[in-house]
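*Asks:* One line per chain: the protein sequences are A and G, in this order.
With the first letter of the first sequence counted as 1, position 378 gets the number 432 in the working numbering; the numbers rise by one all the way through.
With the first letter of the second sequence counted as 1, position 118 gets the number 172 in the working numbering; the numbers rise by one all the way through.
All residues carry an ideal CB built from backbone N, CA and C; glycine is no exception.
As the structure is a prediction and not an experimental result, all values here were calculated from the model.
2 protein chains.
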Amino acid sequence: MRLIIFLLLIIPQFILAQSPQTLSVRKYREQNEHAIITEYMSFLSIPNLAADTVNMKKNASMIMEMMKKRGIKNVQLLQAKTPGVAPAVYGESLVPGAKETIVFYAHYDGQPTDPSKWYTGLSPFQPQLTNGPLYNKAAFIPLPAANTAFDPQWRIYARGASDDKAGVISILNAFAAINATGQKPSVNIKFFFEGEEEAGSDHLAEIFDANKTLLASDLWIICDGPVHQSGKKEVVFGVRGDTHVEITVFASKRPLHSGHYGNWAPNPAMELSQLLASMKKEDGEVIIKGFYDDVKPLTEQEKKAIAAIPPVEDQMKKELGFIEEERKGMGIAESTNWPSLNINGLQSANVGKLSANVIPTTAIASIDLRLVVGNDWQKQQQKVADHIISKGYYIVENEPTDEERSKYSKIAKLSRSGGYNAQKTPMDLPIAQRVIAAVQSTTTEPLVLLPTAGGSLPLFIFDKHLGAKTITVPVANHDNNQHAENENIRIKNLWDGMETMAALMLMK
Amino acid sequence: MRLIIFLLLIIPQFILAQSPQTLSVRKYREQNEHAIITEYMSFLSIPNLAADTVNMKKNASMIMEMMKKRGIKNVQLLQAKTPGVAPAVYGESLVPGAKETIVFYAHYDGQPTDPSKWYTGLSPFQPQLTNGPLYNKAAFIPLPAANTAFDPQWRIYARGASDDKAGVISILNAFAAINATGQKPSVNIKFFFEGEEEAGSDHLAEIFDANKTLLASDLWIICDGPVHQSGKKEVVFGVRGDTHVEITVFASKRPLHSGHYGNWAPNPAMELSQLLASMKKEDGEVIIKGFYDDVKPLTEQEKKAIAAIPPVEDQMKKELGFIEEERKGMGIAESTNWPSLNINGLQSANVGKLSANVIPTTAIASIDLRLVVGNDWQKQQQKVADHIISKGYYIVENEPTDEERSKYSKIAKLSRSGGYNAQKTPMDLPIAQRVIAAVQSTTTEPLVLLPTAGGSLPLFIFDKHLGAKTITVPVANHDNNQHAENENIRIKNLWDGMETMAALMLMK
Numbered sequence: 055m056r057l058i059i060f061l062l063l064i065i066p067q068f069i070l071a072q073s074p075q076t077l078s079v080r081k082y083r084e085q086n087e088h089a090i091i092t093e094y095m096s097f098l099s100i101p102n103l104a105a106d107t108v109n110m111k112k113n114a115s116m117i118m119e120m121m122k123k124r125g126i127k128n129v130q131l132l133q134a135k136t137p138g139v140a141p142a143v144y145g146e147s148l149v150p151g152a153k154e155t156i157v158f159y160a161h162y163d164g165q166p167t168d169p170s171k172w173y174t175g176l177s178p179f180q181p182q183l184t185n186g187p188l189y190n191k192a193a194f195i196p197l198p199a200a201n202t203a204f205d206p207q208w209r210i211y212a213r214g215a216s217d218d219k220a221g222v223i224s225i226l227n228a229f230a231a232i233n234a235t236g237q238k239p240s241v242n243i244k245f246f247f248e249g250e251e252e253a254g255s256d257h258l259a260e261i262f263d264a265n266k267t268l269l270a271s272d273l274w275i276i277c278d279g280p281v282h283q284s285g286k287k288e289v290v291f292g293v294r295g296d297t298h299v300e301i302t303v304f305a306s307k308r309p310l311h312s313g314h315y316g317n318w319a320p321n322p323a324m325e326l327s328q329l330l331a332s333m334k335k336e337d338g339e340v341i342i343k344g345f346y347d348d349v350k351p352l353t354e355q356e357k358k359a360i361a362a363i364p365p366v367e368d369q370m371k372k373e374l375g376f377i378e379e380e381r382k383g384m385g386i387a388e389s390t391n392w393p394s395l396n397i398n399g400l401q402s403a404n405v406g407k408l409s410a411n412v413i414p415t416t417a418i419a420s421i422d423l424r425l426v427v428g429n430d431w432q433k434q435q436q437k438v439a440d441h442i443i444s445k446g447y448y449i450v451e452n453e454p455t456d457e458e459r460s461k462y463s464k465i466a467k468l469s470r471s472g473g474y475n476a477q478k479t480p481m482d483l484p485i486a487q488r489v490i491a492a493v494q495s496t497t498t499e500p501l502v503l504l505p506t507a508g509g510s511l512p513l514f515i516f517d518k519h520l521g522a523k524t525i526t527v528p529v530a531n532h533d534n535n536q537h538a539e540n541e542n543i544r545i546k547n548l549w550d551g552m553e554t555m556a557a558l559m560l561m562k
Numbered sequence: 055m056r057l058i059i060f061l062l063l064i065i066p067q068f069i070l071a072q073s074p075q076t077l078s079v080r081k082y083r084e085q086n087e088h089a090i091i092t093e094y095m096s097f098l099s100i101p102n103l104a105a106d107t108v109n110m111k112k113n114a115s116m117i118m119e120m121m122k123k124r125g126i127k128n129v130q131l132l133q134a135k136t137p138g139v140a141p142a143v144y145g146e147s148l149v150p151g152a153k154e155t156i157v158f159y160a161h162y163d164g165q166p167t168d169p170s171k172w173y174t175g176l177s178p179f180q181p182q183l184t185n186g187p188l189y190n191k192a193a194f195i196p197l198p199a200a201n202t203a204f205d206p207q208w209r210i211y212a213r214g215a216s217d218d219k220a221g222v223i224s225i226l227n228a229f230a231a232i233n234a235t236g237q238k239p240s241v242n243i244k245f246f247f248e249g250e251e252e253a254g255s256d257h258l259a260e261i262f263d264a265n266k267t268l269l270a271s272d273l274w275i276i277c278d279g280p281v282h283q284s285g286k287k288e289v290v291f292g293v294r295g296d297t298h299v300e301i302t303v304f305a306s307k308r309p310l311h312s313g314h315y316g317n318w319a320p321n322p323a324m325e326l327s328q329l330l331a332s333m334k335k336e337d338g339e340v341i342i343k344g345f346y347d348d349v350k351p352l353t354e355q356e357k358k359a360i361a362a363i364p365p366v367e368d369q370m371k372k373e374l375g376f377i378e379e380e381r382k383g384m385g386i387a388e389s390t391n392w393p394s395l396n397i398n399g400l401q402s403a404n405v406g407k408l409s410a411n412v413i414p415t416t417a418i419a420s421i422d423l424r425l426v427v428g429n430d431w432q433k434q435q436q437k438v439a440d441h442i443i444s445k446g447y448y449i450v451e452n453e454p455t456d457e458e459r460s461k462y463s464k465i466a467k468l469s470r471s472g473g474y475n476a477q478k479t480p481m482d483l484p485i486a487q488r489v490i491a492a493v494q495s496t497t498t499e500p501l502v503l504l505p506t507a508g509g510s511l512p513l514f515i516f517d518k519h520l521g522a523k524t525i526t527v528p529v530a531n532h533d534n535n536q537h538a539e540n541e542n543i544r545i546k547n548l549w550d551g552m553e554t555m556a557a558l559m560l561m562k
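(1) Write down the C-beta distance between residue 162 of chain A and residue 262 of chain A rounded to the nearest angstrom, noting that I regard them as a contact closer than 8 Å.
(2) Please list the terminal residues of the continuous beta strand (DSSP E) segment that includes residue 182 of chain A.
(3) Among A:226, A:554 and A:499, which residue has its Cα nearest to the Cα of residue 70 of chain A?
(4) By Cβ distance, which residues of its chain are closer than 6 Å to residue 179 of chain A, with the 5 residues on each side in sequence left out?
(5) Mind checking if residue 287 of chain G is an interface residue toward chain A, Cβ cutoff 8 Å exclusive?
(6) Can you list, in chain order, the stretches of the alpha helix (DSSP H) that have 4 or more residues and sit fully within the segment 243-295 of chain G?
(7) Closer than 8 Å, Cβ to Cβ, to anything on chain G: give me those residues from the segment 406-436 of chain A, in chain order.
(8) Per DSSP, what kind of secondary structure is residue 461 of chain A in: helix, strand or coil?
(9) Output the distance between the C-alpha atoms of residue 83 of chain G and residue 549 of chain G, rounded to the nearest integer angstrom.
(10) My output table needs one value for residue 511 of chain A: the three-state DSSP class, helix, strand or coil.
(11) What residue range does the alpha helix (DSSP H) around residue 326 of chain A cover?
(12) Identify which residue in A:313, A:183, A:303 and A:319 has its Cα closest to the Cα of residue 545 of chain A.
(13) Cutting at 6 Å between CB atoms, please list the residues of its own chain near residue 78 of chain A, excluding the five before and the five after it.
(14) In whole angstroms, what separates the C-alpha of residue 368 of chain A from that of residue 219 of chain A?
(15) Could you spell out where the alpha helix (DSSP H) holding residue 144 of chain G opens and where it closes?
(16) At the level of alpha carbons, what is the spacing between residue 468 of chain A and residue 439 of chain A?
(17) Rounded to whole angstroms, what's the CA-CA distance from residue 515 of chain A to residue 316 of chain A? Just pull it up for me.
(18) What's the gap between the Cα of residue 169 of chain G and the Cα of residue 212 of chain G?
(19) Can you pull the chain A neighbours of residue 214 of chain G, defined as C-beta to C-beta under 7 Å?
(20) When the distance is taken between beta carbons, is residue 156 of chain A closer than 8 Å to residue 73 of chain A?
(21) Using a Cβ-Cβ cut-off of 8 Å, state whether residue 189 of chain A counts as contacting chain G.
(22) For residue 390 of chain A, go through chain G and note every residue whose CB falls closer than 8 Å to its CB, in chain order.
(23) According to DSSP, is residue 83 of chain G part of a helix, a strand, or is it coil?
(24) Please tell me whether, using a cut-off of 7 Å, the distance from the CB of residue 388 of chain A to the nearest non-hydrogen atom of the ligand MN is below it.
(25) In terms of residue numbering, what span does the alpha helix (DSSP H) encompassing residue 111 of chain G cover?
(26) Determine the chain G residues that contact residue 307 of chain A at a beta-carbon separation under 9 Å, and present them in chain order.
(27) Near residue 124 of chain G, which residues of its chain fall below 8 Å by C-beta distance, leaving aside the five closest residues on each side in sequence?
(28) Check distances from the C-beta atoms of the segment 446-457 of chain A to those of chain G and list, in chain order, the residues that come in under 7 Å.
(29) What are the boundary residues of the beta strand (DSSP E) that residue 127 of chain G is part of?
(30) Can you tell which of A:533, A:194 and A:339 has the C-alpha that lies nearest to the C-alpha of residue 325 of chain G?
(31) Residue range of the beta strand (DSSP E) that residue 399 of chain A falls in?
(32) Kindly list, in the order they appear in chain A, the residues whose Cβ is closer than 8 Å to that of residue 381 of chain G.
(33) So what does DSSP say about residue 60 of chain A, is it helix, strand or coil?
(34) Inspect the beta-carbon positions of residue 301 of chain G and residue 418 of chain G and report whether they are closer than 8 Å.
(35) For residue 182 of chain A, go through chain G and note every residue whose CB falls closer than 9 Å to its CB, in chain order.
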């Protein structure tokens, strides 16, 4: 087994070839580019914040239509009991005599976003075609004529364009291509498109529990996230877990004149800064007690896979405009195989033109905690709580009362979100090897094999509630601005994604 | 001289009496409360942000009208040459044979404010009467009938209600009361109402230079700021200086997914927190190199005056909802006689519902630096700059270029505002003693004598450009929310202010 991986890692490029199946899918796509993109832009124009019940129903309806149009059977919504939860969309294509079942997963909801932060002329739900990345000063372009090819370097800008409606559309068009070219899947195929992944997948377990038989399978292919920064295709065997805490430090009940009280009244922005600074060394190591204690070390095989990843750090630094990484001396793949503590946002009174000569009343930090195998998300939150307490704070769950204010000199509110643990599928399982071989059959470039992706998906739920194995095969470009303003997908990544998903549906 | 101060400090309450002049002013006021408040609320309804040229003209016009109505002569606008600068309003009342001239100063512009932060039902420029402080759950009340007395505990909520239209209205009504009751000022009185104090008084020197003869005087009475927290009347002999810096820390050029890059990409919010935390010890002492080096120590007399101030710290802590001061072990007056470094605001990406799983691109802190006699404002800014450099930062004045990003691992933009130094008038000057005696003649409570107020006014300009002495005599309540939302004035403070200003106009 290890030999196979070793061979894949060192395989020279000239013996890697694209399979006839891949070329056949490509030909189908070349003849249908305009229809595929038009349909996709229409899909992207439906707002997809998980909490936006009305629009999430529209998204789900459009997905059902697209599935039926492609001959997918038993199409249905899988609803949670709680009202207002965006449904999962299910469908299947069973192959008589097939002995294995693979479920293809993507999610159709997106992260919250502030429209005012998008580039001038962009709006999250008015998809826009450009002739390249806007950070390189590309221009907006109209849709080309119906029988013209799309330049694969063009991009589509919209919320969800890469994360993760790109997954939905790659999977559905891969299936369409297989059917249209007369190829026959080797396995039963099931489709599962989630509607609340970016909102924390709070009802996924409930949906799984209610549909155990329907969702029985040998493997889930999770189509989400970006491919490697080198542009090489990637197979990912695990994800980090994720949870959040928000810290609010309280000082005076009312804002004070910074002249009349500056030096005397406590400043919550300074106190929060001191508290945050106490959590991390200058070299990026988290110094909260026990932060790394539960981490399960990487296996030798995983270490080798990481070592074989083509280095992209210099290229990335140049592209992103900095020269020193946070965890000094670690590469991207190595550092993201550790748990992390990351400040997502800070707020206290105002800066810039609205800034006034005040001592603010509160200061807030939003923090996300990424987890690796071995970490427990609630335990990780508790480590942060214990650290805050160790710095002399009294922790409240709501606004402090007058009595609490009269008792404790340092008060912080800690809001804990839900969360989930990391999950990993061993790289040496036979089915994992077959996934690697299938993806490799679509490209002449060696693959990047990643033990754990930096990003998070609630894959532990798949294991716990369905006993399912998961392997992630992403399709989006790495510079897609996922989770932020100006999210985008490069057209070539959609085309590559179709070929990859098709190869997995035809997996030997 | 020192004996007089000593006597004033220890004078027992029973021998302090209110002068006949004060009682006479009071009687006039009691007969005119409705007209005074109605006029004041109309004055407060004109927006007064210094940059709002149109409304600042309306404010100046109304002040001129109010002055003329009271028989003040030679009323005129003193304009800076730069267009768009709010004018100062001047007027005078010269007394034949008077040997001294006193200028009464207040400013009519206010701090910027965010209307959405005001209590529900309040708006900065729609003055609202309440039956007490809203933080004690007082209610909105309508204006009482024309011949009904105002409860002195009622308040008016509006931007500028205390800072510093209260100064303008106290001075003008004191003058009206003296005239109406047939009293004769002992000195020539000049009036000077500034229109850009909250914007930094950038053109005050220019106006002074152009009007040296018109503004010649023996003393300026600065009517601005709150009285002592004990409610006792206050005479202030100096003010802190003030200047600002805004620090922006830069990291990745585009926001990054905190999963895929968390641990690897630098986080500007954490870097800013570490930088800010490095500026101050937990006990509130600023540890920027040389921060306190230039401070001119207090004289023995000043130390005694501070020691004689009635302690209000426990009352204030209870009112403000905290139990530990920033500079541990120091009272308000002692700590505000030191320079300070205060964070006015923090911002990086978003918190709360808009928070997303990103690594932000920048993090910003707005900082104000208060100064005492001995400090130079530009030198104080430079100490902060040097500190940032000592922490490994390269300082830019604009967005960093790609070249700068490729050279320096830590980059911060430092925006330096204008500023001015502290100013102090010696407490033992004869005219200072006469000011103390005049204010003392209005109250049976001993005064609070403060060597330096915590707040700032550009009083050094008065000295440098007019060779003028300045003494500050504030009128507003201490809990006026000056510079913040929900600014307000307690009616009693307006009444007391009138009596104080009248006594100074009748000063012996």
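*Replies:* Looking at the coordinates:
(1) The sequence position of residue 162 of chain A within the first sequence is 108, counting from 1. The sequence position of residue 262 of chain A within the first sequence is 208, counting from 1. The Cβ separation is near 18 Å, so there is no contact.
(2) Along the first sequence, read from residue 1 onward, the residue named residue 182 of chain A stands at position 128. Per DSSP, residue 182 of chain A belongs to the beta strand (DSSP E) from 182-184.
(3) Your numbering for residue 70 of chain A matches position 16 in the first sequence. Residue 70 of chain A has its Cα closest to that of A:499, out of A:226, A:554 and A:499.
(4) In the first sequence, counting from the first residue as 1, residue 179 of chain A sits at position 125. Result list for residue 179 of chain A: 99 and 101, in chain order.
(5) Residue mapping note: residue 287 of chain G aligns to position 233 of the second sequence, counting from 1. For residue 287 of chain G, no CB of chain A lies under 8 Å from its own CB, so it is not counted at the interface with that chain.
(6) 258-264
(7) 406, 407, 408, 409, 410, 411, 412, 413, 414, 417, 418, 419, 420, 422 and 424
(8) Taking the first sequence and counting its residues from 1, the one referred to as residue 461 of chain A is at position 407. In the structure shown, residue 461 of chain A sits in a helix (DSSP, three-state: H, G or I).
(9) As a first step, residue 83 of chain G is located in the second sequence; it is residue number 29 there, counting from the start. As a first step, residue 549 of chain G is located in the second sequence; it is residue number 495 there, counting from the start. Cα to Cα, residue 83 of chain G sits roughly 7 Å from residue 549 of chain G.
(10) For this step, residue 511 of chain A is matched to residue 457 along the first sequence. Residue 511 of chain A falls in the coil class under three-state DSSP.
(11) Mapped onto the first sequence, residue 326 of chain A falls at position 272. Per DSSP, residue 326 of chain A belongs to the alpha helix (DSSP H) from 322-331.
(12) The residue labelled residue 545 of chain A in the question sits at position 491 within the first sequence. Sorting A:313, A:183, A:303 and A:319 by C-alpha distance to the C-alpha of residue 545 of chain A places A:183 at the top.
(13) Stepping through the first sequence from its first residue, residue 78 of chain A is reached at position 24. The answer, listed in chain order, is 235.
(14) Counted from its first residue, the first sequence places residue 368 of chain A at position 314. Counted from its first residue, the first sequence places residue 219 of chain A at position 165. Roughly 30 Å separates the two Cα atoms.
(15) Sequence index remark: in the second sequence, residue 144 of chain G carries index 90 (1-based). No alpha helix (DSSP H) holds residue 144 of chain G; the beta strand (DSSP E) holding it covers 142-147.
(16) The residue labelled residue 468 of chain A in the question sits at position 414 within the first sequence. The residue labelled residue 439 of chain A in the question sits at position 385 within the first sequence. Each residue's Cα considered, the two are about 7 Å apart.
(17) Start at 1 with the first residue of the first sequence, and residue 515 of chain A comes out as number 461. Start at 1 with the first residue of the first sequence, and residue 316 of chain A comes out as number 262. One C-alpha to the other measures close to 51 Å.
(18) Taking the second sequence and counting its residues from 1, one reaches residue 169 of chain G at position 115. Taking the second sequence and counting its residues from 1, one reaches residue 212 of chain G at position 158. Answer to the nearest angstrom: the Cα atoms are 11 Å apart.
(19) Taking the first residue of the second sequence as 1, we reach residue 214 of chain G at position 160. Going along chain A, no residue has its Cβ under 7 Å from residue 214 of chain G, so there is no contact; the nearest lies around 14 Å.
(20) As a first step, residue 73 of chain A is located in the first sequence; it is residue number 19 there, counting from the start. As a first step, residue 156 of chain A is located in the first sequence; it is residue number 102 there, counting from the start. No, these two residues do not count as a Cβ contact at 8 Å.
(21) Residue numbering aside, residue 189 of chain A sits at position 135 when the first sequence is read from its first letter. Chain G, which has a Cβ nearer than 8 Å to the Cβ of residue 189 of chain A, makes this yes.
(22) Within the first sequence, the letter at position 336 stands for residue 390 of chain A. Residues of chain G passing the Cβ test: 313, 314, 315, 316, 317 and 318.
(23) What you label residue 83 of chain G is simply residue 29 of the second sequence in a count that begins at 1. Residue 83 of chain G falls in the helix class under three-state DSSP.
(24) The model on display carries no ligand, and the ligand MN is accordingly not part of it.
(25) Against the second sequence, residue 111 of chain G aligns to sequence position 57. Element bounds for residue 111 of chain G: 107-123.
(26) For this step, residue 307 of chain A is matched to residue 253 along the first sequence. Per Cβ cutoff of 9 Å: 189, 373, 374, 375 and 376.
(27) In the second sequence, counting from the first residue as 1, residue 124 of chain G sits at position 70. For residue 124 of chain G, where only same-chain residues beyond five positions count, the Cβ hits under 8 Å are 226, 229, 230 and 233.
(28) Cβ contacts with chain G: 456.
(29) To locate residue 127 of chain G, count along the second sequence from 1; it is residue 73. Here the beta strand (DSSP E) through residue 127 of chain G covers 127-132.
(30) Taking the first residue of the second sequence as position 1, residue 325 of chain G is located at position 271. Cα-wise, what sits closest to residue 325 of chain G is A:339.
(31) Counting from 1 along the first sequence, the entry for residue 399 of chain A is found at position 345. From DSSP, the beta strand (DSSP E) with residue 399 of chain A extends over 394-403.
(32) Residue numbering aside, residue 381 of chain G sits at position 327 when the second sequence is read from its first letter. Those within 8 Å of residue 381 of chain G in chain A are 317 and 318.
(33) As a first step, residue 60 of chain A must be located in the first sequence, where it is residue number 6. Unreliable placement is indicated for residue 60 of chain A, whose pLDDT of 45 sits below 50; the coordinate value is still reported in the next sentence. If DSSP states are grouped into helix, strand and coil, residue 60 of chain A belongs with the helices.
(34) Looking up residue 301 of chain G in the second sequence gives position 247. Looking up residue 418 of chain G in the second sequence gives position 364. A contact, by the Cβ cut-off of 8 Å.
(35) Working through the first sequence from its first residue, we reach residue 182 of chain A at position 128. Correct list: empty, because the minimum Cβ distance to chain G is about 17 Å.
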